[in-house]
Amino acid sequence: YLVDGNAYFFTAVDVSRRIDFTNNTKTIVVGISYPPSEYVYDLYRRGPDLTPPSADGKYEPLYYDNGEPQTHLKWGEADNFLAAIQHDIMPFVEGSLFGHLSFADKSIRRGLFGHSYGGLFSLNALYTKPTLFDAILAASPTIWWNKYSIVNFQENKFLTGVPPSPEGSCPSLILTWGSSKAEFPDKGCAKDAGGAWNRTNCDAEEDPMEESMSGL
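In the working numbering, each residue's number is its place in the sequence shown (first place is 1) plus 6.
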C-alpha cells in the first residue's frame, strides 16, 4: 500500500518487477491517490490526510515566500485516513484478491510506503497501529513538521507503551533520506524518526548526494 499513488505507483510497480526477477517475490502494489487534477500533489488533501494530530490541537503553519502564513491549509487527520485504509480499502482489496484467506493469515505480508508527508504518515501508522502492517517504508519523512510533534508525541507514546508484538514478531521499518539537502536539520533527527530501534526491525539508510525526490 502506498499513499500518493498518483505520483509513485509506476515507480513502485517497476521496483516490484525487479524484486520478482531477482528474488522470485510476488508483490501487489496498491496505490492510494486522489482524483486527477492539474497538480501531482494536492496539498489541500495531503495536508490533513497525511499529517498526525498534535497533542494540543495546534499546528505550525507553512509560510508563503513573503512570510505570510498559509492559514487556509488544514492538518492533523492522519488517524482518520489510516482508519479508512484499514477498514475500507484493505478489506476491499484483500477480499477481492484473497477471498479464501482470513485477514490474519500470515502468508500475506502487508507493507506501507510513503514519501515526504507520506513518510510522516507511514511513521504515524507504525506508532499508532504497529501491528497493522508487517513493514513500514518511510522515505524522506518530514519529521520536522509541526516542530517535530511526531517525535515528541506519537513516537514517545509508542516507546513508553506496551510492545506491539509480545511474541517477538516486530514490524520492519525502513527509513531513508537524502543528504544533499537539509531534510534532517540536525544529525540526531534521523535516529529520532526511527527511535523505535528496539521495537522494530529497523534499517536506516542515508543516500549521499541525493535529495528528497532523487533519493527515492
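C-beta atoms are modelled at their ideal positions from N, C-alpha and C, and glycine is treated no differently.
Computed from a prediction, not measured in an experiment: that's the story for all the values here.
So, using beta-carbon positions, are D26 and T17 closer together than 8 angstroms?
In the sequence shown, the residue the question calls residue 26 occupies position 20. In the sequence shown, the residue the question calls residue 17 occupies position 11. No, the pair does not count as a contact, with Cβ atoms beyond the cut-off.
Helix or strand or just coil, what does DSSP make of H78?
The residue you call residue 78 lines up with position 72 of the sequence shown. Coil.
Would the beta-carbon of R23 fall within 8 angstroms of that of Y123?
What you label residue 23 is simply residue 17 of the sequence shown in a count that begins at 1. What you label residue 123 is simply residue 117 of the sequence shown in a count that begins at 1. For R23 and Y123, no; Cβs fall outside 8 angstroms.
How would you label P75, buried or exposed, when you count the other beta carbons within 10 angstroms and need 16 or more for buried?
Numbered from its first residue, the sequence shown carries residue 75 at position 69. P75 is exposed by the Cβ-count criterion.
With H, G and I counted as helix, E and B as strand and the rest as coil, what does DSSP make of L143?
As a position in the sequence shown, residue 143 is number 137, starting the count at 1. Residue state, collapsed to three classes: strand.
Excluding the five sequence neighbours on either side, which residues of its own chain have a C-beta within less than 7 angstroms of the C-beta of T31, listed in chain order?
For this step, residue 31 is matched to residue 25 along the sequence shown. These residues qualify, in order along the chain: I25.
With a cut-off of 8 angstroms on the beta carbons, I'd call F104 and I114 a contact; round off their distance for me.
For the purposes of this step, residue 104 is taken as residue 98 along the sequence shown, with counting starting at 1. For the purposes of this step, residue 114 is taken as residue 108 along the sequence shown, with counting starting at 1. Yes, F104 and I114 are in contact; Cβ-Cβ is about 6 angstroms, under 8 angstroms.
Nearest to K112 by CA position, among W81, A61, F139, is which residue?
Here the question's residue 112 lines up with position 106 in the sequence shown. That would be F139, whose Cα lies nearest to the Cα of K112.
Measure the alpha-carbon distance for D62 versus D71 and round it to whole angstroms.
Position 56 of the sequence shown holds residue 62. Position 65 of the sequence shown holds residue 71. Straight-line Cα distance between these residues: approximately 27 angstroms.
Out of Y65, G101, L88, N86, point me to the one whose CA is closest to T77's CA.
Your numbering for residue 77 matches position 71 in the sequence shown. Cα-wise, what sits closest to T77 is Y65.
Does DSSP put H121 in a helix, in a strand, or in coil?
Counting from one through the sequence shown, the residue named residue 121 turns up at place 115. Strand at H121.
Short of 6 angstroms in beta carbon distance, which residues of its chain neighbour I38, apart from the five on each side in sequence? Order them along the chain.
Here residue 38 refers to the residue found at position 32 of the sequence shown. Here the set comprises V9, G11.
In the structure shown, what three-state DSSP assignment does Y14 receive?
The count along the sequence shown starts at 1 and reaches residue 14 at position 8. Helix.
Taking the beta carbon of D55 as the centre, do at least 16 other beta carbons fall within 10 Å, making it buried, or is it exposed?
As a position in the sequence shown, residue 55 is number 49, starting the count at 1. Counting the other CB atoms within 10 Å of its CB gives D55 a total of 16 or more, which places it among the buried residues.
Quick one, which of K163, I180, W151 has its alpha-carbon nearest G82's?
Numbered from its first residue, the sequence shown carries residue 82 at position 76. The shortest Cα separation from G82 among K163, I180, W151 belongs to W151.
Near V46, what residues of its chain come up, given a Cβ to Cβ distance below 7 angstroms and the 5 sequence neighbours on each side ignored?
For the purposes of this step, residue 46 is taken as residue 40 along the sequence shown, with counting starting at 1. Correct list, in chain order: N12, A13.
Here's the rule: buried if 16 or more other CB atoms are within 10 angstroms of the residue's CB, otherwise exposed. What is Y69?
The sequence position of residue 69 within the sequence shown is 63, counting from 1. Classification for Y69: exposed.
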